[in-house]
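Reading through the structure tokens given below for one structure.
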Amino acid sequence: MNGPLDFHGWQRRRLLCATAGIAGVLWLRKAPAAQADLAAAIAAFAAGAPVRAGRVTLEIAPLVENGNVVPIKVEVQSPMSEADHVKAIAVFNERNPQRDVAVFHLGPRAGRATVATRIRLANSQQLVAVAQMNDGSCWTHGVDVIVTLAACVEP
Amino acid sequence: MSRALITMPTTAKRGEIIEIRTLIAHPMETGYRPGADGAILPRNLIRRLSCRYFDGRDDVEVFSAELFPAVAANPFISFCTIATASGTLRFSWSGDNGFAQTESVTLTVT
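Same order as they appear, the protein sequences are chains L and H.
Residues -16 to 138 in the numbering used here are what the first sequence lists, from first letter to last.
Residues -19 to 90 in the numbering used here are what the second sequence lists, from first letter to last.
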């Protein structure tokens, strides 16, 4: 009497394990792919210059309740003089359909390298701000964000 | 014509850094979202914002932004500029489906 039940339990367990394994493999395969995409997008923006951490501050709430409207602010430490200023600030994401979020072009006339906007986030993910200086050097700051209500899901 | 809001001081001291905040009514349709009938809604984005500062002599683009689908609907963008001389700041948004809008704000520098 126990025989068939045991057999079923065993089969069920095997199926569950296999499903979990496949899901795990898919998840593991997806994560590095998103990371690689993000790294490629940043490298394309940097145009060959090494991207170093520092000088940039990306301000965003670590826990986002509504992914449709997420306020962000990027500040770069720079004197914004003719000789030393921020040329561009770009923001990239890891898991939206497209890696780019926005690119801001500034110059010495900006006075202060601070920009703010509101963005969409489709998932809990990493957000990276990259600042390109007039000498070509690039500085970055990445933040991990948890999103509870994702954008792009609801029509 | 969309409704656009520009918040910035109308007077400033020479050399002062002023903060400019812009907002424009626009759906910023991403092109990834299904509509009520299940079909993907066509992309309709504002792709660019530019701010030109005309001080009576030079007309300089002091700021510009490229926007992608990840920018929220009714795009809000804030940035700074130095009040160099009295003049006009011209804000131009352009995007898909021939979207183009320009707003001007006069700045008096003392």
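All C-beta atoms, glycine included, are put in the ideal place defined by N, C-alpha and C.
Please read all numbers here as calculations on a predicted model, not as lab measurements.
Since residue i meets chain L, which of its residues come closer than 8 Å, beta carbon to beta carbon?
{"i": "Ser44/H", "result": "Phe87 and His88"}
{"i": "Pro55/H", "result": "Thr100 and Arg101"}
{"i": "Ile26/H", "result": "The contacting residues do not exist; Ile26/H stays about 11 Å from chain L at best."}
Drop a sphere of 10 angstroms on the beta-carbon of residue i, count the other beta-carbons inside from all chains shown, and report buried for 16 or more, exposed for fewer.
{"i": "Ile129/L", "result": "exposed"}
{"i": "Arg78/L", "result": "buried"}
{"i": "Gln18/L", "result": "exposed"}
{"i": "Gly94/L", "result": "buried"}
{"i": "Glu48/L", "result": "exposed"}
{"i": "Gln60/L", "result": "exposed"}
{"i": "Pro45/L", "result": "exposed"}
{"i": "Gly(-5)/H", "result": "exposed"}
{"i": "Pro15/L", "result": "exposed"}
{"i": "Glu65/L", "result": "exposed"}
Can you name the start and end residues of the beta strand (DSSP E) that residue i belongs to?
{"i": "Ser84/H", "result": "Phe79 to Val89"}
{"i": "Pro7/H", "result": "Run containing Pro7/H: none; DSSP gives neither H nor E here."}
{"i": "Gly67/H", "result": "Gly67 to Gly75"}
As a quick exercise: from the options, pick the residue whose alpha carbon is nearest that of residue i.
{"i": "Ala96/L", "options": "Lys70/L, Leu110/L and Ile55/L", "result": "Lys70/L"}
{"i": "Thr86/H", "options": "Gly75/H, Ser58/H and Arg70/H", "result": "Arg70/H"}
{"i": "Arg92/L", "options": "Ala50/H, Arg32/H, Ser84/H and Glu46/H", "result": "Arg32/H"}
{"i": "Arg103/L", "options": "Gln81/L, Thr40/L and Ile72/L", "result": "Gln81/L"}
{"i": "Leu(-15)/H", "options": "Asp76/H, Val42/H, Leu25/H and Ser84/H", "result": "Ser84/H"}
{"i": "Phe48/H", "options": "Phe34/H, Thr68/H, Phe59/H and Arg23/H", "result": "Arg23/H"}
{"i": "Ala5/H", "options": "Gln81/H, Thr90/H, Ala45/H and Val89/H", "result": "Gln81/H"}
Name, please, each residue of chain H whose Cβ falls closer than 9 Å to the Cβ of residue i.
{"i": "Ala44/L", "result": "Correct list: empty, because the minimum Cβ distance to chain H is about 14 Å."}
Give the interface partners of residue i over in chain H, defined as CB-CB distance under 8 Å, in chain order.
{"i": "Val47/L", "result": "Going along chain H, no residue has its Cβ under 8 Å from Val47/L, so there is no contact; the nearest lies around 12 Å."}
{"i": "Asn117/L", "result": "Correct list: empty, because the minimum Cβ distance to chain H is about 15 Å."}
Name the chain L residues that come within less than 7 Å of residue i, Cβ to Cβ?
{"i": "Leu47/H", "result": "Ala85"}
{"i": "Val132/H", "result": "Missing from the structure shown is residue 132/H; chain H here goes from -19 to 90 and no further."}
So which residues of chain H does residue i contact, with C-beta pairs closer than 7 Å?
{"i": "Val52/L", "result": "Ala52"}
Item checked: Proximal residues, the region 57 to 91 of chain L versus chain H, C-beta separation under 7 Å -> Asn76, Asn79, Pro80, Gln81, Asp83, Val84, Ala85, Val86, Phe87, His88, Leu89 and Gly90
Notebook entry, point to check: Between the region 95 to 115 of chain L and chain H, which residues of the former have CB atoms less than 7 Å from a CB of the latter, in chain order?
Noted result: Arg95, Thr97, Val98, Ala99, Thr100, Arg101, Ile102 and Arg103
Checklist line | Under 8 Å (Cβ pairs) to chain L, residues found in the region 58 to 79 of chain H | finding: Ser58, Phe59, Cys60, Thr61, Ile62 and Thr64
Note to self: If the cut-off is 7 Å on Cβ atoms, which residues from the region -12 to 9 of chain H count as contacting chain L, listed in chain order?
What the structure shows: Taking 7 Å as the upper bound on Cβ-Cβ separation, chain L lies near residues Ile(-3) of the region -12 to 9 of chain H.
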